[in-house]
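Counting the sequence shown from 1 gives a position; the numbering used here is that position plus 868. Heads up, the beta-carbon is just placed ideally off N, CA and C, and yes, glycines get one too.
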Amino acid sequence: MYLDALKKTLKDKKYRMTPQRELVLKVFMDNEDEHLGAEDVYRILFSNKHSVSKATVYRTIELLVEFGFLRKLDFGEGIYRYELAKKNKQHHHFICKNCGKIYEIEEKHLKTLKRELKNQGFVFENFDFKIYGICPNCNKKTKKRKEKKK
């Protein structure tokens, strides 16, 4: 689905579908639940014996963002992370301050907030909601450590 759409988009915009562009998109397709940085993509390609330069990875990712195939995310780590831009799948993120894992929060959980904002007169087109805290796994570990100290 994504590859065919990318081929068409590239052709329409007078770009070529190169093997490198296909490989970069496939990394995101194969890791669709992950939030990868450009260095992560490069490492995955390198570990699978694909010869793609870092510069090509960075340029390709920016092109995929520009054409709407990837979403660019900033979680305050000093790097951008990316995910497949799935149509009709608006979601938000919970970032664990202990382990750094990023969880996706489905849109349905934020309907009340959106309704309340509308009731207060706010008009919005889109928003990116991030929650920072402690994930269930880290929370369990912390509780176990506290219990052992007692």
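When burial is assigned at 16 or more other CB atoms within 10 Å of the CB, is residue i buried or exposed?
i, result
"Ile947", "exposed"
"Ile999", "exposed"
"Thr886", "exposed"
Who are the near neighbours of residue i in its chain, counting only those whose CB is closer than 8 Å to its CB and skipping five residues on each side?
i, result
"Leu952", "Tyr870, Phe896, Met897, Glu900, Phe937, Leu938, Arg939"
Note the first and the last residue of the continuous alpha helix (DSSP H) segment covering residue i.
i, result
"Arg949", "Taken as a continuous stretch (DSSP letters only), Arg949 belongs to no alpha helix (DSSP H), being part of the beta strand (DSSP E) at 948 to 952."
"Tyr910", "906 to 915"
"Lys881", "Where Lys881 is concerned, there is no enclosing alpha helix (DSSP H), given that its DSSP letter is neither H nor E."
"Lys998", "It is not in any alpha helix (DSSP H) - Lys998 instead sits in the beta strand (DSSP E) that spans 998 to 1001."
Roughly how many whole angstroms lie between the Cα atoms of residue i and residue j?
i, j, result
"Lys1009", "Cys1003", "10 Å"
"Ala906", "Leu931", "13 Å"
"Lys985", "Leu978", "First, the residue type needs correcting, since residue 985 is Leu and not Lys in the sequence shown. Going from the Cα of Leu985 to the Cα of Leu978 covers about 11 Å."
"Gln888", "Cys967", "32 Å"
"Cys1006", "Lys1012", "10 Å"
"Lys1016", "Thr877", "58 Å"
"Asp996", "Ile929", "20 Å"
What residues in its chain sit with their C-beta under 6 Å from that of residue i, if we drop five residues either side in the sequence?
i, result
"Phe962", "Tyr971, Ile973, Ile999"
Whose C-beta lies closer than 7 Å to the C-beta of residue i among residues of the same chain, with five residues either side of it excluded?
i, result
"Leu941", "His903, Tyr948, Arg949, Tyr950, Glu951"
"Leu891", "Leu913, His918, Val920"
"Leu893", "Tyr870, Leu871, Leu874, Leu932, Phe937"
"Lys882", "none"
Grab the span of the beta strand (DSSP E) containing residue i for me, first residue to last.
i, result
"Glu890", "Careful: Glu890 lies outside any beta strand (DSSP E), inside the alpha helix (DSSP H) at 887 to 898."
So does the segment 871 to 879 actually touch the segment 910 to 919, counting three or more Cβ pairs closer than 8 Å?
Counting Cβ pairs under 8 Å, fewer than three are found: no touch.
Could you tell me whether the segment 919 to 931 touches the segment 975 to 994, where touching means 3 or more Cβ pairs closer than 8 Å?
Flag = no, the segment 919 to 931 and the segment 975 to 994 do not touch.
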